[in-house]
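Let me begin by presenting the structure, written as structure tokens, before commenting on it.
There are 2 protein chains.
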Amino acid sequence: MNIILLSGGSGQRLWPLSNSIRSKQFIKLFKNDSDEYESMVQRVYHQIKAVDKSASIMVATSRSQVSAIKNQLGEQVSICIEPCRRDTFPAIALAVANLFYEKRLGGEEAVVICPVDPYVDHTYYEAVNRLGELAAKGDANITLMGIEPSYPSEKYGYIIPDTGENISRVKEFKEKPTEKAAREYISKGALWNAGVFALKVGYLMEIAHKMLVFTDYQDLLSKYDKLPKISFDYAVVEKEDRIQVMRYAGAWKDVGTWNMMAEVMADRTKGNVTLDNTCDNTNVINELDIPILCMGCKDMVIAASSDGILVADKEQSSYMKPYVEKMGMEAMYAEKSWGTYNVIDVQDSFMTIKVLLNAGHRMKYHSHKRRDEVWTIVAGEGTVVLDGESREVSAGDVIKIEHGHKHTIVARTTLNVIEVQIGEDIDVKDKEIFDEELHL
Amino acid sequence: MNIILLSGGSGQRLWPLSNSIRSKQFIKLFKNDSDEYESMVQRVYHQIKAVDKSASIMVATSRSQVSAIKNQLGEQVSICIEPCRRDTFPAIALAVANLFYEKRLGGEEAVVICPVDPYVDHTYYEAVNRLGELAAKGDANITLMGIEPSYPSEKYGYIIPDTGENISRVKEFKEKPTEKAAREYISKGALWNAGVFALKVGYLMEIAHKMLVFTDYQDLLSKYDKLPKISFDYAVVEKEDRIQVMRYAGAWKDVGTWNMMAEVMADRTKGNVTLDNTCDNTNVINELDIPILCMGCKDMVIAASSDGILVADKEQSSYMKPYVEKMGMEAMYAEKSWGTYNVIDVQDSFMTIKVLLNAGHRMKYHSHKRRDEVWTIVAGEGTVVLDGESREVSAGDVIKIEHGHKHTIVARTTLNVIEVQIGEDIDVKDKEIFDEELHL
Numbered sequence: 346m347n348i349i350l351l352s353g354g355s356g357q358r359l360w361p362l363s364n365s366i367r368s369k370q371f372i373k374l375f376k377n378d379s380d381e382y383e384s385m386v387q388r389v390y391h392q393i394k395a396v397d398k399s400a401s402i403m404v405a406t407s408r409s410q411v412s413a414i415k416n417q418l419g420e421q422v423s424i425c426i427e428p429c430r431r432d433t434f435p436a437i438a439l440a441v442a443n444l445f446y447e448k449r450l451g452g453e454e455a456v457v458i459c460p461v462d463p464y465v466d467h468t469y470y471e472a473v474n475r476l477g478e479l480a481a482k483g484d485a486n487i488t489l490m491g492i493e494p495s496y497p498s499e500k501y502g503y504i505i506p507d508t509g510e511n512i513s514r515v516k517e518f519k520e521k522p523t524e525k526a527a528r529e530y531i532s533k534g535a536l537w538n539a540g541v542f543a544l545k546v547g548y549l550m551e552i553a554h555k556m557l558v559f560t561d562y563q564d565l566l567s568k569y570d571k572l573p574k575i576s577f578d579y580a581v582v583e584k585e586d587r588i589q590v591m592r593y594a595g596a597w598k599d600v601g602t603w604n605m606m607a608e609v610m611a612d613r614t615k616g617n618v619t620l621d622n623t624c625d626n627t628n629v630i631n632e633l634d635i636p637i638l639c640m641g642c643k644d645m646v647i648a649a650s651s652d653g654i655l656v657a658d659k660e661q662s663s664y665m666k667p668y669v670e671k672m673g674m675e676a677m678y679a680e681k682s683w684g685t686y687n688v689i690d691v692q693d694s695f696m697t698i699k700v701l702l703n704a705g706h707r708m709k710y711h712s713h714k715r716r717d718e719v720w721t722i723v724a725g726e727g728t729v730v731l732d733g734e735s736r737e738v739s740a741g742d743v744i745k746i747e748h749g750h751k752h753t754i755v756a757r758t759t760l761n762v763i764e765v766q767i768g769e770d771i772d773v774k775d776k777e778i779f780d781e782e783l784h785l
Numbered sequence: 346m347n348i349i350l351l352s353g354g355s356g357q358r359l360w361p362l363s364n365s366i367r368s369k370q371f372i373k374l375f376k377n378d379s380d381e382y383e384s385m386v387q388r389v390y391h392q393i394k395a396v397d398k399s400a401s402i403m404v405a406t407s408r409s410q411v412s413a414i415k416n417q418l419g420e421q422v423s424i425c426i427e428p429c430r431r432d433t434f435p436a437i438a439l440a441v442a443n444l445f446y447e448k449r450l451g452g453e454e455a456v457v458i459c460p461v462d463p464y465v466d467h468t469y470y471e472a473v474n475r476l477g478e479l480a481a482k483g484d485a486n487i488t489l490m491g492i493e494p495s496y497p498s499e500k501y502g503y504i505i506p507d508t509g510e511n512i513s514r515v516k517e518f519k520e521k522p523t524e525k526a527a528r529e530y531i532s533k534g535a536l537w538n539a540g541v542f543a544l545k546v547g548y549l550m551e552i553a554h555k556m557l558v559f560t561d562y563q564d565l566l567s568k569y570d571k572l573p574k575i576s577f578d579y580a581v582v583e584k585e586d587r588i589q590v591m592r593y594a595g596a597w598k599d600v601g602t603w604n605m606m607a608e609v610m611a612d613r614t615k616g617n618v619t620l621d622n623t624c625d626n627t628n629v630i631n632e633l634d635i636p637i638l639c640m641g642c643k644d645m646v647i648a649a650s651s652d653g654i655l656v657a658d659k660e661q662s663s664y665m666k667p668y669v670e671k672m673g674m675e676a677m678y679a680e681k682s683w684g685t686y687n688v689i690d691v692q693d694s695f696m697t698i699k700v701l702l703n704a705g706h707r708m709k710y711h712s713h714k715r716r717d718e719v720w721t722i723v724a725g726e727g728t729v730v731l732d733g734e735s736r737e738v739s740a741g742d743v744i745k746i747e748h749g750h751k752h753t754i755v756a757r758t759t760l761n762v763i764e765v766q767i768g769e770d771i772d773v774k775d776k777e778i779f780d781e782e783l784h785l
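If you read the sequences in order, they're chains A and B. Residue numbers are given in our numbering: position 189 of the first sequence equals residue 534, and the series is strictly consecutive. Residue numbers are given in our numbering: position 155 of the second sequence equals residue 500, and the series is strictly consecutive.
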């Protein structure tokens with residue numbers, strides 16, 4: 346099976362664990378068979394591989410997610426990076442063009458496109474696999490997955506099939522309806538549109554070449570920022586008559602809010618948390634080093650990270666988006682390709698950051714215009730490069746980097762550094778990269 | 346009026362704002378006339394001075410509270426330090442001996458002894474003043490304040506007076522009763538024993554000299570750790586027949602729990618806090634730099650400091666003590682005579698601390714056996730002394746202090762330092778003081 350996982354989203358609804366840098370699919374609240382925490386993207390990857398060991402998986406995403414994806418899935422995972430945000434049609438066309446022109450997948454091959462974030466069991470990916478087989482057979486140009494609705498939701502689009510059979514032609518699509526309309530659709534056998542569909546590579550390439558002028562993947566990539574913002578529905582689905590839908594009746598959950606996440610997370614609490622015996626139906630996630638004590642909490646979700654602390658009634662937590670937007674903080678925690686950084690203190694003219702570099706990794710070679718930095722190596726061993734000069738460092742060593750000076754650090758073992766930034770105008774964007782000058 | 350304020354307590358019931366170092370009376374949740382936050386100890390001090398400008402106030406406390414008291418009340422406040430913990434009789438005898446032998450207060454002078462932590466208005470300290478006058482008159486050897494009970498509490502001892510008059514002889518004392526017994530006492534005109542009493546200095550010195558062998562204050566102080574642990578009730582009250590009580594009918598609140606503190610704190614929230622419009626009867630105190638978002642919280646108290654995070658139903662929060670004891674963390678925040686320190690990150694072999702030194706102040710000259718330290722000066726100016734050598738420092742300077750080396754820092758202006766401690770066995774007790782060697 347060929348599968349393109351769409352990994353997007355800025356994840357304000359799972360604040361403070363998701364932020365502008367860390368999307369919800371990277372939060373580790375599930376567990377794998379070895380009882381280790383894993384994220385949604387790791388879970389999905391393992392689920393697909395369990396159904397089809399030889400499945401070829403490509404993750405289509407934005408640049409900001411690349412580090413997290415590589416950290417969580419490993420360097421060998423296939424990633425298609427959208428250089429900037431267009432709409433769904435250019436994004437899907439880019440990923441399929443990558444398969445066709447770069448990975449040399451034949452035009453007759455089917456590919457399944459699906460979002461990375463539903464919480465499902467293995468039967469779902471068996472259905473995804475079957476969707477690919479149906480597309481390859483060619484009875485229709487597009488084969489959708491339709492989820493059997495469990496309640497008249499106003500949050501999803503609906504697919505109305507011609508018949509009640511397992512596989513049926515699609516009669517029509519309905520946008521997110523009112524609850525009343527949803528009941529009516531469901532009485533007619535309507536299904537939720539989960540955004541999962543399969544088609545042949547050649548079919549999509551033909552449409553792409555008609556609508557976008559390009560020669561191959563590299564050409565499309567270079568023109569990406571000038572492509573029109575067109576949705577996949579508008580460009581493809583609405584113009585196509587040969588569409589079929591396959592029913593899926595298994596469990597399917599959208600874990601886009603804390604209320605839903607609380608239902609499926611592996612443990613009721615994670616991190617340093619104490620609940621007294623009067624707490625009830627309460628989930629607590631603590632990423633901070635200090636303890637959380639909960640007493641008499643009913644139907645609540647509590648989440649703490651270096652970005653902030655949420656204390657919410659479960660139902661009410663679904664409405665957090667405007668509040669999170671208003672707080673508009675910069676992310677205090679980020680996964681990088683080389684490790685993690687964690688802002689531990691912010692003041693007007695100085696900021697303290699805990700940096701963890703994974704063994705064998707390094708930061709980019711860079712400099713800052715408006716801030717000085719002091720690195721205190723607190724654990725591990727590595728090499729610091731400062732203005733072209735290398736120096737071996739280990740726990741206890743201190744390196745002072747004045748503004749304007751190029752620097753990087755290479756971890757030989759896992760390396761912990763406390764970085765103190767000093768300056769009147771500290772800004773993540775104050776960074777120039779000189780990687781090409783670095784010769785290690 | 347001569348007044349001894351008893352300032353004790355480790356304050357586990359207001360965790361995480363109170364801890365083993367910071368007692369509840371130092372938490373700033375009230376406001377003064379200039380709309381600035383003030384603590385209970387500051388509030389009480391101002392209230393006494395408002396009733397009697399020339400009141401002579403002595404704070405009787407333990408060594409661990411001295412820094413916080415001086416920071417909050419100023420260097421000129423009179424403090425009597427208990428060298429170690431004995432019971433209430435030695436503590437009160439020590440403070441009164443200080444007044445008699447050191448401050449040369451006459452034996453016929455009255456002194457009022459009261460705890461530092463009730464939340465009251467100015468009429469209370471008018472009553473305290475009157476209590477002193479009654480003691481000076483000499484109609485009884487001990488004059489107690491009796492609080493008119495507002496409900497049959499099981500938390501307080503009761504005083505049963507002879508008559509219902511404003512001032513009456515005491516018939517008997519009752520220990521903390523059951524609710525049923527409390528109702529019965531109240532029906533007989535019983536009053537709450539608030540631990541406030543007045544007596545003549547000479548009267549107490551006579552009893553003290555009978556029970557404890559000492560010549561003067563300095564002698565008592567030097568023998569303090571060998572004194573018997575005797576309560577004031579056992580040593581004095583139970584043996585005394587000439588005891589009277591004065592009724593007090595004004596407002597009196599014991600703010601020993603979050604539930605009570607929430608009723609009297611100046612603002613419903615303090616710090617970076619957002620409440621959505623479905624929150625109700627909820628108080629939030631945030632001493633961290635990250636935001637707290639509360640949604641749908643009803644009847645709750647939420648408090649966050651570098652020691653931890655409490656999320657509690659108000660009623661339930663009164664039962665926190667055993668949970669806090671079990672967590673048994675070391676304090677992450679402390680007020681020192683020279684400023685504050687704030688632990689911002691703790692790992693196995695390293696710890697990061699944000700230090701604020703007030704202008705003109707310094708740490709003690711000291712060294713550590715088992716940890717190295719790195720100081721990064723992030724704001725302000727001062728002088729570092731390392732093994733006897735002085736060096737001027739300002740923002741951007743870095744000082745590396747290996748274990749075994751003596752060091753201190755003197756703040757010329759307000760000085761901010763990020764201190765990174767590195768070592769396998771970091772412990773607050775790993776500290777040797779060499780202040781006598783320092784010549785600035």
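All C-beta atoms, glycine included, are put in the ideal place defined by N, C-alpha and C.
Quiz item: A:S682 by DSSP, collapsed to three states: which one?
Solution: coil
Quiz prompt | Beta-bridge pairing of B:G727 - partner residues as DSSP gives them | solution = B:V738 and B:A756
Self-check item: Terminal residues of the alpha helix (DSSP H) in which A:Y593 lies
Solution: A:Y593 -> not in any alpha helix (DSSP H); beta strand (DSSP E) instead, spanning I588 to Y593.
Exercise. Would you mind telling me which residues of chain A sit closer than 9 Å to B:S662, beta carbon to beta carbon, in chain order?
Key: M640 and G641
Exercise. Would you mind stating whether B:L566 and B:L439 have Cβ atoms separated by less than 8 Å?
Key: yes
Practice problem: Look at the Cβ atom of B:T619, then the Cβ atom of A:M665, and state whether they are nearer than 8 Å. | Solution: no
Quiz item: With a Cβ-Cβ cutoff of 8 Å, do A:V411 and A:L350 count as a contact?
Solution: no
Quiz item: Counting Cβ pairs, one atom from each stretch, are 3 or more of them under 8 Å apart for the region 765-781 of chain A and the region 635-654 of chain B?
Solution: no
Quiz prompt | Among B:G733, B:I754, B:I698 and B:G727, nearest to B:K709 - alpha-carbon criterion | solution = B:I754
Practice problem: Grab me the residues of B:I698's own chain with a C-beta within less than 6 Å of its C-beta, minus the 5 sequence neighbours each way, in chain order. | Solution: Y686, V688 and E764
Practice problem: Can you tell me which of B:I630, B:D561, B:T468 and B:S650 puts its alpha carbon nearest to the alpha carbon of B:Y593? | Solution: B:T468
Quiz prompt | Short CB-CB distance (under 8 Å) between A:F695 and chain B | solution = yes
Practice problem: Check each candidate in B:A526, B:A679, B:R715 and B:V691 and name the one with the smallest Cα separation from B:L702. | Solution: B:A679
Quiz item: Taking 8 Å as the CB-CB limit, is B:V719 close to chain A?
Solution: yes
Quiz item: Quick one: does B:G653 have its CB under 8 Å from some CB of chain A?
Solution: yes
Quiz item: Can you list the residues of chain B that A:N761 reaches, using a CB-CB cut of under 8 Å?
Solution: Q692 and F695
Quiz item: The alpha helix (DSSP H) with B:V396 in it runs from where to where?
Solution: M385 to V396
Exercise. Answer with yes or no whether the minimum CB distance from A:V773 to chain B is below 8 Å.
Key: no
Quiz item: Does the beta carbon of B:V700 come closer than 8 Å to any beta carbon on chain A?
Solution: no
Quiz item: Are A:V762 and A:V723 touching if we call contact CB-CB under 8 Å?
Solution: yes
Self-check item: chain B residues whose Cβ lies nearer than 7 Å to that of A:Y668
Solution: T619, D621 and L638
Self-check item: Neighbourhood of A:I504 by C-beta distance below 7 Å, restricted to the same chain and skipping five residues each side
Solution: L489, G491, V515, F518, A535, L536, N538 and V590
Practice problem: Compute the Euclidean distance between the alpha carbons of A:E551 and A:D397, then round it to the nearest angstrom. | Solution: 28 Å
Exercise. Taking C-beta pairs closer than 8 Å, name the residues in chain B that A:V386 reaches, listed in chain order.
Key: Correct list: empty, because the minimum Cβ distance to chain B is about 26 Å.
Self-check item: Completely contained beta strand (DSSP E) runs for the region 432-511 of chain A, where each covers 3 or more residues
Solution: 455-460, 463-465, 487-492 and 503-506
Quiz item: Comparing alpha-carbon positions, which option in A:K714, A:E660, A:H554 and A:H713 lies nearest A:Y446?
Solution: A:H554
Exercise. Take the Cβ of B:A395 as the centre, count every other Cβ of all protein chains shown within 10 Å, and call the residue buried at 16 or more, exposed below.
Key: exposed
Practice problem: Could you tell me which chain B residues have their CB closer than 9 Å to the CB of A:I767, listed as they occur along the chain? | Solution: T721, I722, V723, A724, A740 and G741
Quiz item: Quick one: which chain B residues come within Cβ less than 7 Å of A:V656?
Solution: I637, C639, C642, I647 and V656
Quiz item: Which residues in the same chain have their Cβ closer than 6 Å to the Cβ of A:L362, if we skip the five residues on either side of it in sequence?
Solution: I372, A648 and S650
Quiz item: Of the residues A:K776, A:H391 and A:K500, which one's Cα is nearest the Cα of A:V461?
Solution: A:H391
Quiz item: What residues from chain B crowd round A:I746, counting only those whose CB sits closer than 7 Å?
Solution: Going along chain B, no residue has its Cβ under 7 Å from A:I746, so there is no contact; the nearest lies around 11 Å.
Self-check item: Reference A:D652; option with closest CA among A:G354, A:K448, A:I366 and A:I348
Solution: A:I366
Self-check item: For B:I778 and B:I771, the rounded distance between their alpha carbons
Solution: 17 Å
Exercise. Note down, in chain order, each residue of its chain lying with its Cβ closer than 7 Å to the Cβ of A:R613, except the 5 sequence neighbours on either side.
Key: N628
Exercise. To the nearest angstrom, report how far apart A:D564 and A:P435 are at their CA atoms.
Key: 13 Å
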